[in-house]
Every structure is written in structure tokens, then in C-alpha cells.
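Student: Yeah, the sequence shown ends on 145 if you go by our numbering, and it's all consecutive. Note that beta-carbon positions come from the ideal geometry of N, C-alpha and C, so glycine has one too.
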Amino acid sequence: MIDFEVSKQLERDFERYMYMFYTKHQRFSIEDFGAFASTIINYNVQNHTIDSQLRHQYAYLLTSLYNKGIGNRITEEHLQIISQAIAADSSVNFNVIKELYG
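Here it is in C-alpha cells:
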């Protein structure tokens, strides 16, 4: 089961990063979101804030937030596919980490 406090922190990180990124680049595409989401999940797994077994649940949470931000245009089926892809991605983009925590 996902942790409420971790979920709230991820939500705050998502909102802050999305705002900073959009202000700077005038976009926040699904690709931009994917780089953020996989990075933030992997960073938190490496720091033992997120149990690696719960990667998909946290990826789904973030994907749902992104969907809400774009007016709920992503279907449930695609939310599942996107969150599975994010959960399977082991990359960390240090530019994302630098923007959030630097």
C-alpha cells in the first residue's frame, strides 16, 4: 500500500516541477512528464523512500496527476500503459533532480 505522506510529497514535487518546467520551456509534454516521473520514482527508490515493489502504484499516481492537469484526456487503459512504462524505466535524469532539489 502506498504511503500517504510520500504520495503528498510526490504531488508537491510534481506540481513544482511542472510549473518550473512549463515556465522555462512553454511545454510539458508526455515525454517531459515521463522523464520526470521515472526519475522521481527511481530517486525515491534509491533513497529508500519508496518500496520498489510499489513503483507501479506511484507511477499511476503521478500519471493520474498529469492526466488531471491536461483535462483528463487520457483513457484508463492508456493510464495503465503509461504508468507501467514509467515503472519499468530505471533511468534517472539528473537535470530533473537538480531542478527539484538543487
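Quick one: is Tyr144 near chain D, going by C-beta distance under 8 Å?
Tutor: Looking at the structure shown, chain D is missing, and only one protein chain is on hand.
Student: Note down, in chain order, each residue of its chain lying with its Cβ closer than 7 Å to the Cβ of Ser126, except the 5 sequence neighbours on either side.
Tutor: His99, Ala102, Tyr103 and Thr106
Student: Cα separation between Asn87 and Arg59?
Tutor: 17 Å
Student: Could you tell me the distance, in whole angstroms, from the CA atom of Ile117 to the CA atom of Asn110?
Tutor: 6 Å
Student: Which stretch, first to last residue, makes up the alpha helix (DSSP H) that contains Arg116?
Tutor: No alpha helix (DSSP H) contains Arg116, which DSSP labels as neither H nor E.
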